[in-house]
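**Student:** Numbering follows numbering that gives the first Met the number 0, in which position 380 of the sequence shown is assigned residue number 379; successive positions increment by one, without gaps.
Cβ atoms here follow ideal geometry from the backbone N, Cα and C, with glycine treated the same way.
Nothing here was measured: the structure is a model prediction, and the numbers come from that model.
Take a look at this one; I'll ask things after.
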Amino acid sequence: MDQFSMPTSLLCGADALSALGDHAVGRVMILTDPFLAKSPLMSRVREELTGRPTLVFDRVQPDPDVAAVASALSAFMEFSPDVLVAVGGGSPMDTAKAVRKLAAEQGLPLAGGLIAVPTTAGSGSEVTSFAVVTDSGKNTKLPMNSPDMVPELAILDPLAVVSCPQSLTADSGMDALSHALEAYVARGHNDFSDALAIGAMKLIFDHLLTTHRHGDDVVARHHMQNAATMAAMAFENSGLGIVHGLSHAIGGTFAVPHGRLNAILMPAVVRFNAGVSDSPGGCDFRGGAMTPTARRYADLARAIGVQATTERGRVTALTAVIIRLREALGMPDSMLDAGVKAHEFEAVGEHLASRALADFCTGGNPVAPGIAEMRALLAQVTR
């Protein structure tokens, strides 16, 4: 039996932020980072919350760790808010979700719920039950998953993302692409998640480069916001795969942005899942026949307009268009290009492979890998 759930309400488009005051009632705690705390966007958020007791916690850090979440939780318990408002990218939203979950476990539920105001178009955390917290002591990403972490409301206002820097636009956009790509082939895919994943990929290929080159294009930004949220709605209901399993493992050890890691990993994972050999032509499928997963990749390629003379060719053409998009965004194509030293990466290869194999997301992958396959994928992204 398939199940599809979408508990978050969405407010989308121009001036959507003007509705914040209608939904944030009572004592309001805002979680954001130091940069956004001083931005015009935060002034607008404060304006919409005029007259309400408000606390701004502005010490959210990139890739929040256990200590950072504990600090935010302490502020939450002292202020005792009715509503949490997360303003920012995946890190503020993940911090807010973790704080909400931990506070509820200590008997402090949120009467007014969690409101997400994303300032990037990538993580889709505004509609998911997932959060990722880093255990710095063990160099490990800790994925959290609980239905009571899903925000009640997401406000997608394109003016909140127009100031997103080029590099972050690229990283977050490729993160969204990896969500759509993995959701489409994940073990739990269904007709509803398929439609959202395909729709998200179409929007990404149509608008990501525009937002990267022309950040003030409000229409393109609006479409990319929608794409990121749609991709997240897809994977929330279908699962992810080893792009994210590997990315979580690598990101816990090396300081490379999550979306950048996903961009590096996607082509190698598509080839592995589809059963494409490492032959120079790239069209030789191991075992001779196309697997159901390979056919899904071909269907996905066709849906986004990838041209090829055969179904096999569409699979390898899909990896090619991902690589071309990555290049057009000026992103690295390997771990070495991303600034990681080869000997350091190779020294922890067994550890990374084991971590990736145990990651929550790996269980959704359409092909079950072993430790040797994980090591081989890690080797591919160091070439």
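Does the separation of the CB atoms of Leu-109 and Val-82 fall below 8 angstroms?
**Tutor:** Yes, Cβ-Cβ distance for Leu-109 and Val-82 is below 8 angstroms.
**Student:** Could you tell me which of Val-65, Ala-66, Pro-80, Asp-64 sits nearest to Val-55, measuring between CA atoms?
**Tutor:** Measuring from the Cα of Val-55, the nearest candidate turns out to be Pro-80.
**Student:** Based on DSSP bridge pairs, tell me the residues matched to Thr-252.
**Tutor:** Looking at the DSSP assignment, Thr-252 forms no beta bridge with any residue, so it has no partner.
**Student:** Where Val-366 and Arg-45 are concerned, what is the direct C-alpha to C-alpha distance, given to the nearest angstrom?
**Tutor:** Those two C-alpha atoms are separated by around 48 angstroms.
**Student:** How about His-247 and Pro-142: are their beta carbons less than 8 angstroms apart?
**Tutor:** In this structure, Pro-142 lies closer than 8 angstroms to His-247 by Cβ.
**Student:** First and last residue of the alpha helix (DSSP H) that includes Ile-370?
**Tutor:** Note, Ile-370: alpha helix (DSSP H), 370-379.
**Student:** Using CA coordinates, which residue listed in Val-131, Ala-288, Leu-328, Leu-152 is at the minimum distance from Val-314?
**Tutor:** Residue Ala-288 is the option with its Cα nearest to Val-314.
**Student:** To the nearest angstrom, how far is the alpha carbon of Ile-114 from that of Ala-371?
**Tutor:** Rounded to the nearest angstrom, the two C-alpha atoms are 42 angstroms apart.
**Student:** Considering only the alpha carbon of each residue, which of Ala-375, Pro-61, Ala-71, Ala-18 lies closest to Thr-49?
**Tutor:** Ranking the options by Cα distance to Thr-49, first place goes to Ala-18.
**Student:** Restricting to Cα atoms, I'd like to know which of Gly-329, Arg-43, Val-347, Val-269 is closest to Ala-300.
**Tutor:** Ala-300 has its Cα closest to that of Val-269, out of Gly-329, Arg-43, Val-347, Val-269.
**Student:** Would you list the one or two residues that DSSP bridges to Gly-87?
**Tutor:** The partner list for Gly-87 (beta bridge, DSSP) reads Pro-117.
**Student:** Just the C-alpha distance for Ala-15 and Thr-228, rounded to the nearest angstrom, thanks.
**Tutor:** Their Cα atoms are separated by approximately 15 angstroms.
**Student:** Is the separation between the beta-carbon of Ile-249 and that of Leu-351 shorter than 8 angstroms?
**Tutor:** Yes, the Cβ-Cβ distance between Ile-249 and Leu-351 is below 8 angstroms.
**Student:** Going by the beta-carbon positions, is the gap between Val-59 and Ala-67 smaller than 8 angstroms?
**Tutor:** Yes.
**Student:** Near Cys-282, which residues of its chain fall below 7 angstroms by C-beta distance, leaving aside the five closest residues on each side in sequence?
**Tutor:** At Cys-282 the pLDDT is 48, less than 50, meaning the model places this residue with poor confidence; the figure from the coordinates comes in the next sentence. For Cys-282, where only same-chain residues beyond five positions count, the Cβ hits under 7 angstroms are Arg-311, Gly-312, Thr-315.
**Student:** Closest to Ala-185 by C-alpha separation, out of Thr-133, Leu-324, Asn-364, would be which residue?
**Tutor:** That would be Asn-364, whose Cα lies nearest to the Cα of Ala-185.
**Student:** Use the C-beta contact count for Met-0: other C-beta atoms within 10 angstroms, 16 or more gives buried, fewer gives exposed.
**Tutor:** By the 10 Å Cβ count, Met-0 comes out exposed.
**Student:** From this set, Pro-39, Pro-266, Val-305, Val-24, which residue's C-alpha is nearest Pro-52's C-alpha?
**Tutor:** Among Pro-39, Pro-266, Val-305, Val-24, the Cα nearest to that of Pro-52 belongs to Val-24.
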